[in-house]
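**Student:**
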Amino acid sequence: MKPKRLPPIPKSIQTPLGPLPIIVTEAQPHWPNGGRGSGGYYDSRQYRMYVASDMGLLTQWHILLHERGHNIADLGVEFDSDGQEESFCKAFATVMLHEMLYG
Ligand SMILES: [Zn+2]
Numbered sequence: 006m007k008p009k010r011l012p013p014i015p016k017s018i019q020t021p022l023g024p025l026p027i028i029v030t031e032a033q034p035h036w037p038n039g040g041r042g043s044g045g046y047y048d049s050r051q052y053r054m055y056v057a058s059d060m061g062l063l064t065q066w067h068i069l070l071h072e073r074g075h076n077i078a079d080l081g082v083e084f085d086s087d088g089q090e091e092s093f094c095k096a097f098a099t100v101m102l103h104e105m106l107y108g
């Protein structure tokens with residue numbers, strides 16, 4: 006089946022806590038690992054999400070959905086470890102992107 010065309014990265018997404026701004030920009034030093042090898046960052050304190058600008062749209066969406074997973078964790082999902090949260094975010098992003106492409 007041919008994949009659907011992905012929409013552009015939105016300027017914000019609606020969440021139960023209100024709009025979550027999404028900023029597409031160069032990787033920043035305050036992101037995890039100083040931005041090196043980091044495609045995005047969910048800033049729970051400022052309630053905004055960053056996506057690196059030097060990636061293709063498919064990868065940007067995968068990063069956005071991964072960071073949305075961290076946002077969902079903030080909304081009340083309990084994990085026993087950071088590793089469990091990362092596993093959830095990876096699975097969530099992959100499933101959601103598949104639905105966007107083939108759903
Ligand atoms: Zn993560």
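Mapping of the sequence shown onto our numbering: residues 6 to 108, in sequence order. The C-beta atom is built at its ideal place from N, Cα and C for all residues, glycine as well.
With a threshold of 16 other CB atoms inside 10 Å of the CB of Y55, please say whether the residue is buried or exposed.
**Tutor:** By the 10 Å Cβ count, Y55 comes out buried.
**Student:** Near Y47, what residues of its chain come up, given a Cβ to Cβ distance below 7 Å and the 5 sequence neighbours on each side ignored?
**Tutor:** So the list reads M54, E72, H75 and N76, once near-sequence residues are dropped.
**Student:** Cβ-heavy atom distance between H67 and ligand 1 below 7 Å?
**Tutor:** No, the Cβ of H67 stays beyond 7 Å of every heavy atom of ligand 1.
**Student:** In the DSSP assignment, find the unbroken alpha helix (DSSP H) run with I68 in it and report its ends.
**Tutor:** Per DSSP, I68 belongs to the alpha helix (DSSP H) from L62 to D79.
**Student:** What distance in whole Å lies between the Cβ atoms of H67 and L11, which are believed to be in contact at a cut-off of 8 Å?
**Tutor:** Actually they do not touch by this definition, with Cβ atoms about 10 Å apart.
**Student:** Got a sec? Which residues, its chain only, sit under 7 Å from P8 by beta carbon, not counting five neighbours each side?
**Tutor:** Contacts found: L106 and Y107.
**Student:** If I measure Cβ to Cβ from S49 and keep anything under 8 Å in the same chain, skipping five residues before and after, which residues do I get?
**Tutor:** Cβ within range, chain order: H75, N76 and D79.
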